[in-house]
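Written below as structure tokens is the structure these notes are about.
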Amino acid sequence: QVTLRAGAELDAHRVNQYTLTLRAACPGEEEVEERLFVQVTAGQVLRCDAPFTSTGRRQGVGGAGWRGPRVPAGTGVPRLCCAAGGDVVRVTADVAPRTPLYVVLPQPLGGLTVSGGCPEFRLRNQDTPLMLTHRGLVLAPAGGFDPSKDTQTFRLEIEVMDRHGHNCSGAVTVEVLPSQRPSVTFREPQWAVTVPEGTSPLEVVTQVHASGDNVRYAILAPTVPVLFTIDEVTGEIRSTRQLEVAHARLLVRAYNTLHPADHATAMINITVQGMDRRAPSCVPAISVSQVPETVSPGTTLVTLRCTDPTGAKDCLHYGLEGPPASLSRFRLEGPQLQVNTTLDYDSEAMAAMGFQLTATIMVTAGGQSPQSTRIPVLVTVTPVNEFTPACPNGADFTVLETAAFGSTVGRVAGSDRDYPPDSLEYSLEGGTGPTQPFSIDTRTGDIRVVGPLNSQRYKHYRLTVRLTDTRNDLDPAKRWSRLCDVVVRLQAVPNQAPVCTPEVQELWIMARLGSRQPVTHLACQGSLDGAALAYAIAGGNEDGRFWLEGNTLFYLPNDLAEPRTFVLLVEVWGSPSAPRRSTVVALVVHVTPWTTPVPPSTTTWHTTLQKELLVITRTEAAWLPPAWFVTVLTVSSALLLATLGCVARSLLCR
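Just so we're aligned, residue 1 is where the sequence shown starts under UniProt numbering, counting upward by one.
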């Protein structure tokens, strides 16, 4: 079946014949090709022409739609247009329902009048709220447009057919722009009015006012007003009879009389109160409470039980007063004071208020002279340890391998979002030892060197630091901790000073006759490059009694008559680069002559002077008897005293 493509226009004066090549094939057979010749003959048709943009639309009403043949001058029919994209009409959202927006005027080719009836207009798409009449008028929806703040777009595809079956189709796009007219609104959604009892009929009680155009007023509830009526133009609410003590709730609607869909409502509480009133009494008279910071919004903090001296419960009004920072945290639901927002203990605003919120609930009994009772409210917010400490980013430090005892390596700056901020304790997992010659300050997190750093054995140290939060919860036992990895890298120091063990020695020798005799061997270690060490006596060898060969110290015998003590200073250094880094070793040598009457011995005593850690442990003996023993002892003593009393009484009676 071969059909004409939608939107295609045939013009016999331009192309009067089309040749179509058709190919068909069945499975397993050869393809067959045939030609179809379509001849186009001239005739009376409706033809779509170039688009025409209509100007001067009034209230968004567009011009015409399709232009067929030309029409005689003076007919009053506007020029129309048709294009692939169609015409565009722009209207505002506040146009009245069923307002004409566009008109479609088909015309026959050649300017001849179409006889035999009016053309037929048909809407090809039905997904639009717009309406198309049999006369070609495009109307606004029966309920008007949605008063949205966004631009709405509706597209209509319209087909026009005359009595000969000739047709023309096109499209109209209606853009609905947001209304620039102010909407009807009340300044306040509800308010309360108190009037004295005995108010005369038709006396003005209050007046409502709404902003907008062509505003009118009406009472929606109660549907049959008994006590009050409203002036639909001025909004004045008047009494219908002499008022007695009562309470009424009026639901008032304000609307645009030209656009009823534009409306707003307000609730008015009218209280007719007696002349003589006393202040209401409430329990409790003061509210003091303590809540955790995680309390949910909507939680009731206190419920007031208030009574009016006259017994009219509906005449009590509850209000909230106090500092703005505290008022935003509370809300009143009748006599119930509730939490309005999250009470974040960890915020600066809460800390500025001292973690205490204050407010005053005002309970008013209406009347000619309203009386009020004020209930002070004090709410203390307590902390809750909500967050786990966080490790710092990039806890990687570098320290010289020659760092002295107590040198600071770096600071582990942990963080905690609980208040007080960053209140953490630091500890080193595994403690301090040869494999972990570091300590950490529990308060600041500073890592310090507390032992020798062996760069030949360890290129770096991996430490595990525990962060534990403190003072973040009302319960001191509720604490959170986290383990953080810290890397301490050792930085080699070239040409470092040699290290001698020990640095101070005390020696005893006996001077023998003959050749030189060895005194001690110095145990020193140089830099990592393995350079040879040089030794020299720097002091204490004024008379030349000692000789240093390599790291060995010799004593040169001479005529020594009495025992003598020598204090030698030996300088040890490594490579000869400048500046020279050296270490001084102190040697205290006690020399005893051979002739001195002392036990013969060839032994040399070595005494190393080192600083040792002295730990004194004191044990105090104490005896803590168990509870049952104390109980038995007490009962026994009481029985003994009672027995002695009885014996003494018997003796006195005799």
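All C-beta atoms in this analysis are idealised placements derived from N, C-alpha and C, irrespective of residue type, glycine included. As the structure is a prediction and not an experimental result, all values here were calculated from the model.
According to DSSP, residue pairing for W480 in a beta bridge does not occur.
By the 16-neighbour rule on beta-carbons within 10 angstroms, W573 is buried.
Y426 has L467 as its beta-bridge partners, per DSSP.
Listed in chain order, the alpha helix (DSSP H) elements of length 4 or more contained wholly in the segment 516-574 amount to none.
Assigned with DSSP and collapsed to three states, W594 falls in coil, not helix or strand. Non-local C-beta neighbours of N16 in its own chain, meaning closer than 7 Å and more than five positions away in sequence, comprise Q39 and V40, ordered along the chain. The shortest CA-to-CA distance from G170 to any of V585, M161, C500 and T271 is the one to M161. Around the C-beta of H134, fewer than 16 other C-beta atoms lie within 10 Å, and the residue is accordingly described as exposed. Residue range F228 to I230 is occupied by the beta strand (DSSP E) that includes F228, with no alpha helix (DSSP H) assigned at that position.
A straight line joining the alpha-carbon of N551 with that of T444 spans about 46 Å.
Leaving aside the five residues that flank N167 on each side, the residues in its chain whose CB is nearer than 7 Å to its CB run, in chain order, L46, E159, V160 and M161. The C-beta distance from V176 to L156 rounds to 13 Å, too long to fall under 8 Å, and the pair is not in contact. Here DSSP, grouped into helix, strand and coil, assigns G354 to coil.
Cβ-Cβ distances below 6 Å link T229 to R238 and T240 in the same chain, with the five nearest sequence neighbours on each side left out; the list follows chain order. Under the 10 Å beta carbon count, D475 is surrounded by fewer than 16 other beta carbons and is classified as exposed.
Beta-bridge annotation (DSSP): G445 is not paired with any residue.
Here R329 carries a coil assignment [DSSP, helix/strand/coil]. DSSP places L4 in the coil class of the three-state scheme, outside both helix and strand. In the structure shown, L587 falls within a strand segment according to DSSP collapsed to helix, strand and coil.
For S636, the enclosing alpha helix (DSSP H) stretches over residues A627 to C653.
Contact check for P141 against S179 fails: the beta carbons are separated by 8 Å or more. A Cβ-Cβ distance of about 4 Å is found for the pair A538 and L569, placing them in contact under the 8 Å criterion.
When the Cα atoms are used, M362 and Q371 turn out to be separated by approximately 10 Å. A residue is called buried when at least 16 other Cβ atoms come within 10 angstroms of its Cβ; G298 does not meet this threshold and is exposed. The DSSP assignment places 167-177 as complete runs of the beta strand (DSSP E) inside the segment 153-187, in order along the chain (cut-off: 3 residues). Within the model, the alpha-carbon separation for C484 versus G322 is close to 46 Å. Rounded to the nearest angstrom, the Cβ distance from V486 to R448 is 13 Å, too far for a contact under 8 Å. C26 sits in coil when the DSSP states are folded into three classes, being neither helix nor strand.
Under the three-state reduction of DSSP, A264 is assigned to strand. Taking P97 as reference, the option from L130, V103 and Q126 with the minimal CA-CA separation is L130. In this structure the segment 242-250 does not lie against the segment 336-349, because fewer than three pairs of beta carbons, one per stretch, are closer than 8 Å. Judged by their CB atoms, P260 and D213 are not nearer to each other than the 8 Å cut-off. For R411, the uninterrupted beta strand (DSSP E) run begins and ends at T408 to R411, by DSSP. Beta-bridge analysis with DSSP links R580 to no other residue. DSSP places P280 outside both helix and strand once states are collapsed to three, so it counts as coil. R329 and R417 have their C-alpha atoms roughly 21 Å apart.
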